[in-house]
Amino acid sequence: MAKPPRILPLLVACSCCLAAWWPGNAQAGLLRPLLVLMRPQLESRLARVCLETAAGGQPALEQALRDPCRKLAVPTSKCLIEETDSTGRGLGVLSEMLAGRFGDDSEVVVKRCIARMFGLPAESLRDVPLQELGKRFGGRGLAGGSAAGAAGAAATQP
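Written out as structure tokens, the structure is:
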């Protein structure tokens with residue numbers, strides 16, 4: 006996969022400065038073009054985490070799951086971008102991504118996306134710890150590569 010353009014850090018910095026001065030909920034939508042620009046990297050990371058998690062290092066299983074994981078990454082990345090945009094948390098998520106950490110803003114977005122993908126109301130998982138979601142949906146903890154962990158890990162990778 007090609008490296009992001011060198012101008013990307015400059016765009017992020019300019020967008021963050023502009024968004025910081027923008028009043029209230031008007032930030033929603035402001036960073037969407039930048040998030041969309043980052044979508045190929047997010048999809049690549051989601052597919053990679055899906056493959057590592059589901060195949061468990063078994064080459065035959067890895068080969069069989071490559072295409073399904075790639076197909077799953079597309080709606081997952083769209084959901085993460087849409088939820089980041091609709092919640093007005095784009096600045097926070099981008100800041101967390103640039104810092105290489107998974108913070109409060111990323112957690113809110115991942116929980117809303119998991120709820121949406123399971124057909125639940127967006128706020129239904131708000132009070133459930135992400136670690137618990139990882140155990141319930143993935144069979145393993147967040148660090149072990151659950152579905153919630155995959156989305157969280159991918160969302161925090163620059």
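Just so you know, we're using the numbering used here here: the sequence shown kicks off at 6 and counts up by one. We put the CB at the ideal spot given by N, CA and C, even for glycine. On a predicted model such as this, the values are computed, not experimentally measured, just so you know.
Can you give, in chain order, each stretch of the alpha helix (DSSP H) that sits fully within the stretch 118 to 147 and has at least 4 residues? 135 to 143
Please confirm whether SER82 and LEU47 have their CB atoms less than 7 Å apart. yes
First and last residue of the alpha helix (DSSP H) that includes ARG71? 64 to 91
Taking only the alpha-carbon atoms, compute the straight-line gap between VAL41 and PRO64 and give it to the nearest angstrom. 32 Å
Cα separation between THR89 and ALA78? 16 Å
Cβ of SER91 within 7 Å of Cβ of GLU101? no
With distances taken from CA atoms, which of ARG75, ASP132, LEU35, GLY61 is nearest LEU51? ARG75
Tell me the rounded alpha-carbon separation between ILE86 and ARG37. 7 Å
Nonlocal neighbours in the same chain, by C-beta distance under 8 Å from VAL133, ignoring five residues either side: LYS116
Is it buried or exposed for GLY93, if we count other Cβ within 10 angstroms and need 16 for buried? buried
On the DSSP letters alone, give me the boundaries of the alpha helix (DSSP H) that GLY95 sits inside. 95 to 104
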